[in-house]
Structures are given as C-alpha cells and as structure tokens.
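Numbering (this note's numbering), first residue to last: 109 to 165. Let me begin by presenting the structure, written as structure tokens, before commenting on it.
Next up, the structure:
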C-alpha cells in the first residue's frame with residue numbers, strides 16, 4: 109500500500125470547508141468522531157469531538 113503525505117487545502121471562493129474523521133476501539137467498545145470547519149484563510153470557525161460509548165462492531 110502506498111502512503112502519501114496529505115495536507116489541508118483551503119476552500120476556494122467564499123465557501124467553508126468541513127473535515128471529519130472517526131476512530132473505533134473494539135476492545136473498549138468505544139468510538140470517537142470529530143469535525144472541524146475552516147474558512148479560506150484556514151481559521152477554525154467551529155469544531156466538535158464526540159466520544160460514543162457502547163459501540164459494537
């Protein structure tokens with residue numbers, strides 16, 4: 109599998125960019141998800157991280 113270094117690219121025009129990710133820990137039956145919203149200058153406008161318990165795979 110080829111791995112490439114990826115970096116954040118700003119949105120174009122007058123829009124905002126929303127990025128999200130999630131992870132799952134099977135042994136603890138938990139997951140976490142996060143989201144960040146940034147403008148064309150890269151300034152963070154909003155963010156949220158949530159831990160989800162009792163998650164089964």
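Using N, Cα and C, we set each Cβ at its ideal position, and we do this for glycine too.
- Counting only runs of at least 4 residues, the region 109 to 136 fully encloses no alpha helix (DSSP H) element at all.
- Across the set 133, 124 and 117, the C-alpha of 124 shows the shortest separation from the C-alpha of residue 153.
- If you check the CB distance, residue 144 and residue 155 come in under 8 Å.
- Cβ atoms of residue 137 and residue 162 come within 8 Å of each other, at about 6 Å.
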